[in-house]
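A.B. asks: Chains as they are written, first to last, in this note's numbering: chain G, 1 to 336; chain R, 1 to 336.
For glycine and all other residues, C-beta sits at the position ideal for the given N, C-alpha and C.
Given the structure is predicted, the values throughout are model-derived calculations rather than measurements.
Here it is in structure tokens:
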């Protein structure tokens, strides 16, 4: 079996194969070592594969299936009844080690439930977290987690997110001592809800962790911390809000004058690092293998980025380093 | 007693009198009918009042006090021990009807606790909500609540926020049938936590309310709804995140070339409606009088905007219209 194999759910997201196939083709041409296993419904997928010459590509294996997960499907339903879906088959390929990472733009709740079922969490991790990169004012990125996999989180979960985020920053961003912040409604010790305040107390006691205190929403892009920890409801809203502002500023309305058009082009180029199409790709971490969740509305460049992110996580073996961190900071010492 | 009197906490916020006094002076010169009652510590406030000739202004009444509320003070402490603070005295002026609205840039938690104690909530309202305007892509504004007064909210509270937001949109934005959305992590019915899902079910049954369903973070600026309802933790993070992105894009870094400088000037002008200094000013609504909370880091233009917002709420008598809405949609019918 080749070393670098990524399983792709070709049916997920708002656009399906019309987005996932061109992205897969481009990933293959960019990375000569990359192998792909593609999962999808034959009727919809095969015409796109032919069009992009992936139906007979030496580094592509296609596996057709009979179902797909929709955004309207509840996680429990998907888990029980959509066992031959493209999403489930892609995850099964990870579990059986046919592939080393998986990318899907489908329903987050279903992906989370299926990934927990097929892959299991790492020892000491209660639930996986969805983590994503946020562009920073001074250049570079910070990591934000959870951005939607766990809507209500207690203090213990937030502490686990901090440990997982620390390893992700080390291995994905290359920061040896990442600064960890807790997202809150103020920076003073008395601010926030009970979970956040208790998590703050515990994080101060975790050995070797560079916990810097609370951060507020306006500091998500300030470069002051490398990892921002929050529950999935708050993180999801913060992430999508920032995308909304960026889209608003990048101008969806048609510009009329020549000067305005030129200025908007300049602006788009200058702000490209804030364009959701560029920094798309959240990962479910805390599992025994890497699962990358692409934005549902992602276009081909964004889905390509998600594939490249999966490759990067395989190369850095993020699950192994998270396992090691939880092994050296056992639950009783980090949690109390 | 004059009709249009606003009480100002001159000590709140990061900058105190150096920001609040110039803003008060400008408000007086803009509005010939406006009267102000100013509360603060004599040693800090009086030099600024002299400098801006407010120490002997015919429409200004100054009341010195002995305490001020800091950001580090817990609400319970402030409520019990800071009874001669500028914040508390400004609220007391509302309770005794010496003033018709109040503005403070101080500690939100303390302001909320003191306002509930001195002013009481309107009948049917469990707790006040902090509401603010968000600029929209097509021009105009939407209202977002709660943005930080209530960190954990059940379904009943979210329903009450929707009814309060509806009246605020009617009277402050002048929209006769405002569209109400619930902030969530997805638009499908199965998305979100229990409070949000239960609130959605109840809102569909409120007579006369134009409830349009879930909205996600990236739609806060889309113009698709007029009122966006969420709990205070989520709303606070969303608001501050959008401010963070706007600041990032408006460029805190120095621009080097002449062309870049010119372009940033053009950009700042074009995007001025997204500048926190312009749309500053959240209101605590659901109380028997209007209390406007200015941003702690607000400069003079922003604090001036908060004063103008207080005047607008007096003119529209927002508390009376909220009371009327809760009277006609009694708790049992709107809540079940």
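(1) Could you tell me the boundaries of the alpha helix (DSSP H) in which residue 283/R lies?
(2) Going along chain R in order, which residues have a C-beta closer than 7 Å to the C-beta of residue 126/G?
(3) Quick check on the burial criterion: 16 or more other C-beta atoms within 10 angstroms. Buried or exposed for residue 320/G?
(4) Go to residue 164/R, then tell me how far its alpha helix (DSSP H) extends in each direction, as first and last residue.
(5) Tell me, please, whether the CB atom of residue 245/R is closer than 9 Å to any CB atom in chain G?
(6) For residue 216/R and residue 162/R, what's the separation of their Cα atoms in angstroms?
(7) Considering residue 34/G, what are the terminal residues of the beta strand (DSSP E) in which it resides?
(8) Could you tell me the boundaries of the alpha helix (DSSP H) in which residue 327/G lies?
(9) Is DSSP giving residue 58/G helix, strand or coil here?
(10) Residues of the stretch 172 to 199 of chain R with a CB closer than 9 Å to any CB of chain G: list them in chain order, please.
(11) Any residues in the stretch 56 to 88 of chain R with a beta carbon nearer than 7 Å to a beta carbon of chain G? Which ones, in chain order?
(12) Just how far apart, CA to CA, sit residue 229/G and residue 166/G?
(13) Within the 9 Å Cβ cut-off, does residue 103/R reach chain G?
(14) Nearest CA to the CA of residue 281/R: which residue from 59/R, 120/R, 304/R and 208/R?
(15) For a cutoff of 9 Å on Cβ pairs, would you count residue 148/R as touching chain G?
(16) At the 9 Å Cβ level, is residue 222/G part of the contact set with chain R, yes or no?
(17) Out of curiosity, what's the CA-to-CA distance linking residue 42/R and residue 107/R?
(18) Using a Cβ-Cβ distance cut-off of 9 Å, determine whether residue 212/R contacts chain G.
(19) Counting contacts by CB-CB distance shorter than 9 Å, is residue 39/G in contact with chain R?
(20) Helix or strand or just coil, what does DSSP make of residue 9/R?
(21) Between residue 232/G and chain R, is any beta-carbon pair separated by less than 9 Å?
(22) How long is the line joining the alpha carbons of residue 120/R and residue 74/R, rounded to whole angstroms?
(23) Please confirm if residue 242/G has its CB atom under 9 Å from at least one CB of chain R.
(24) Looking only at its own chain, which residues have a Cβ that is under 6 Å from the Cβ of residue 1/G, when we skip the five neighbours before and after it?
(25) Go through its chain and collect everything with a Cβ distance to residue 92/R's Cβ below 8 Å, but skip five positions before and after it.
(26) Residue range of the alpha helix (DSSP H) that residue 132/G falls in?
C.D. replies: Taking the coordinates as given:
(1) Position 283 of the second chain, counted from the start, is the residue given in the question as residue 283/R. Looking at the DSSP string, residue 283/R is not in any alpha helix (DSSP H); the run it does join, the beta strand (DSSP E), is 282 to 285.
(2) Locating residue 126/G in the first chain gives position 126, counting from the first residue. Simply none; closest approach about 18 Å.
(3) Along the first chain, read from residue 1 onward, the residue named residue 320/G stands at position 320. Exposed, by the Cβ-count rule.
(4) What you label residue 164/R is simply residue 164 of the second chain in a count that begins at 1. Where residue 164/R is concerned, the enclosing alpha helix (DSSP H) stretches over 155 to 168.
(5) In the second chain, residue 245/R corresponds to position 245, counting from 1. Yes - at least one Cβ of chain G is within 9 Å of the one on residue 245/R.
(6) For the purposes of this step, residue 216/R is taken as residue 216 along the second chain, with counting starting at 1. For the purposes of this step, residue 162/R is taken as residue 162 along the second chain, with counting starting at 1. Rounded to the nearest angstrom, the two C-alpha atoms are 16 Å apart.
(7) In the first chain, counting from the first residue as 1, residue 34/G sits at position 34. No beta strand (DSSP E) contains residue 34/G, which DSSP labels as neither H nor E.
(8) The sequence position of residue 327/G within the first chain is 327, counting from 1. Start and end: 318 to 328.
(9) The sequence position of residue 58/G within the first chain is 58, counting from 1. In this structure, residue 58/G counts as coil in the three-state DSSP scheme.
(10) 183, 184, 185, 186, 187, 188, 189, 190, 191, 192, 193, 194 and 196
(11) 71, 72 and 74
(12) One-based indexing of the first chain puts residue 229/G at position 229. One-based indexing of the first chain puts residue 166/G at position 166. Cα-Cα distance, rounded: 10 Å.
(13) Taking the second chain and counting its residues from 1, the one referred to as residue 103/R is at position 103. Output row for residue 103/R: interface = no.
(14) The residue given as residue 281/R occupies position 281 in the second chain. Closest by alpha carbon: 304/R.
(15) As a working mapping, residue 148/R is identified with position 148 in the second chain. Cβ-Cβ to chain G under 9 Å: yes for residue 148/R.
(16) As a first step, residue 222/G is located in the first chain; it is residue number 222 there, counting from the start. Taking Cβ atoms only, chain R reaches closer than 9 Å to residue 222/G, which makes this a yes.
(17) Along the second chain, one-based indexing puts residue 42/R at 42. Along the second chain, one-based indexing puts residue 107/R at 107. Rounded to whole angstroms, residue 42/R to residue 107/R spans 20 Å at the Cα level.
(18) Mapped onto the second chain, residue 212/R falls at position 212. Taking Cβ atoms only, chain G never reaches closer than 9 Å to residue 212/R, which makes this a no.
(19) Translated into positions along the first chain, residue 39/G becomes position 39. Chain R contact via Cβ: absent.
(20) On the second chain, residue 9/R is found 9 positions in, with the first residue counted as 1. Strand.
(21) One-based indexing of the first chain puts residue 232/G at position 232. Yes, its Cβ sits closer than 9 Å to a Cβ of chain R.
(22) Translated into the one-based positions of the second chain, residue 120/R becomes position 120. Translated into the one-based positions of the second chain, residue 74/R becomes position 74. Approximately 20 Å, taken between the alpha carbons.
(23) Position 242 of the first chain, counted from the start, is the residue given in the question as residue 242/G. Closer than 9 Å: yes.
(24) Stepping through the first chain from its first residue, residue 1/G is reached at position 1. Note on residue 1/G: pLDDT 39, under 50, position unreliable in the model; the coordinate value appears next. Cβ neighbours of residue 1/G beyond the five flanking positions: none.
(25) Indexing the second chain from 1 puts residue 92/R at position 92. Contacts found: 118.
(26) Here the question's residue 132/G lines up with position 132 in the first chain. No alpha helix (DSSP H) holds residue 132/G; the beta strand (DSSP E) holding it covers 129 to 135.
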